[in-house]
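Letter by letter, the sequence shown follows residues 11 to 233 in our numbering.
Ideal Cβ positions, reconstructed from N, Cα and C, are used throughout, including at glycine.
The structure appears right after this line, and notes come after that.
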Amino acid sequence: MPAPDFVPLDHARFRRVDRNIFVRRVVADCMSHGCVQVADEGVALPRPRPLLEACCQYGADVDLAERDNILAHAAQIRSLLDVAAQDAPWFTTEIQIDPDYPSGQHVRTATHQRADGEVGCVFLAHDRRGCAIHRAALEGGWDFHQVKPHICRLFPMSYEDDAICISDDYEDYDCADAAGAPTLYRVARPTLDAVFGAELVAALDRVEATVPAPGLVTLGKKS
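Shown next as structure tokens:
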């Protein structure tokens, strides 16, 4: 990944944003995309690896409040999971202290070997694509916000300290910079609004307006 190109952001919490979120692209609908992993931690794979939900293979950090909300819907989620995943640990036990998270603490979703032999987040272990948490919400008619981890909902956007940025493993997957796809910001904008509020989106909109659209070349003034 190239180094971030941070520009100022007028927001109470986030003071910087990587301008690349307004330029670089990502497939908007994961469920209609056949995922291929092309690199591992930035190192190109000798052979691209087709792997559905590739970005979910390592599990995800989960705020403690999100963990508790997942457990509050455990019956609905468990009913969708493969039998082995129903009884497997869903979360790591070590609690990490992190002031960036809403509660200041997080754990991580456990990984689990699926029936096809691939290892991924335990919530992938069901008979359809995508996240079982999200599926349970859609099928059960409840709102997945505050339940599905916000880190998952934001990916491949992320945040750290006072900055809005791009996840380190964005370029590991072929959804990155897909031709004709929307920009990272346009895809993540509704989630940024839901997670951090309208004031952040308004501030990001103002920065976006100063960044040339992808593919455009800004010519300097003639002297």
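**OP:** With residue 234 as the anchor, note down where its beta strand (DSSP E) starts and where it stops.
**Re:** No information on residue 234 is available, as it lies outside the stretch 11 to 233 that the chain covers here.
**OP:** Could you tell me which residues DSSP pairs with residue 89 in its beta bridges?
**Re:** None, per the DSSP bridge assignment.
Original post:
If you drop the 5 nearest sequence neighbours on each side, which residues of the same chain put their C-beta closer than 8 Å to that of residue 172?
Top reply: 23, 24, 25, 26
Original post:
What do you reckon, are the CB atoms on residue 28 and residue 176 nearer than 7 Å?
Top reply: yes
Original post:
To the nearest angstrom, how far is it from the Cα of residue 131 to the Cα of residue 148?
Top reply: 19 Å
Original post:
Smallest Cα separation from residue 194: which of 32, 12, 18?
Top reply: 32
Subject >> residue 188 to residue 146 span [Cα, whole Å] >> reply: 29 Å
**OP:** Measure the C-alpha to C-alpha separation of residue 229 and residue 222 and round it to an integer number of angstroms.
**Re:** Any reading at residue 229 must be qualified, since the residue scores a pLDDT of 39, below 50, and its modelled position is unreliable; the value itself is stated next. Answer to the nearest angstrom: the Cα atoms are 11 Å apart.
Original post:
Anyone know if the C-beta pair for residue 116 and residue 135 falls short of 7 Å?
Top reply: no
Original post:
Is it right to say residue 55 is buried, meaning 16 or more other beta carbons lie within 10 angstroms of its own, or is it exposed?
Top reply: exposed
Subject >> Terminal residues of the alpha helix (DSSP H) in which residue 149 lies >> reply: 142-150
Original post:
At which residues does the beta strand (DSSP E) containing residue 174 begin and terminate?
Top reply: 173-176
Original post:
Who are residue 186's beta bridge partners in DSSP?
Top reply: 36
**OP:** Might you give, ordered along the chain, the residues of its own chain that have their beta carbon closer than 6 Å to the beta carbon of residue 214, omitting 5 neighbours on each side?
**Re:** none
Original post:
Cα-Cα, which of 19, 16, 40 is closest to residue 191?
Top reply: 40
Original post:
Given a threshold of 16 other Cβ atoms within 10 Å of its Cβ, counted over all protein chains shown, does residue 219 qualify as buried or as exposed?
Top reply: exposed
Original post:
residue 107 by DSSP, collapsed to three states: which one?
Top reply: strand
**OP:** Rounded to whole angstroms, what's the CA-CA distance from residue 157 to residue 96? Just pull it up for me.
**Re:** 18 Å
Original post:
Run through DSSP, which three-state label would residue 201 get?
Top reply: helix
Original post:
How big is the Cα-Cα spacing for residue 43 and residue 73?
Top reply: 28 Å
Subject >> Neighbour-count burial assignment, residue 91, 16 or more Cβ in a 10 Å radius >> reply: buried
Subject >> Secondary structure of residue 41, DSSP reduced to three states >> reply: helix
Original post:
Should residue 50 go down as buried or exposed, given a rule of 16 or more other Cβ atoms within 10 Å for buried?
Top reply: exposed
Subject >> Candidates 196, 207, 166: closest to residue 224 by CA position >> reply: 196
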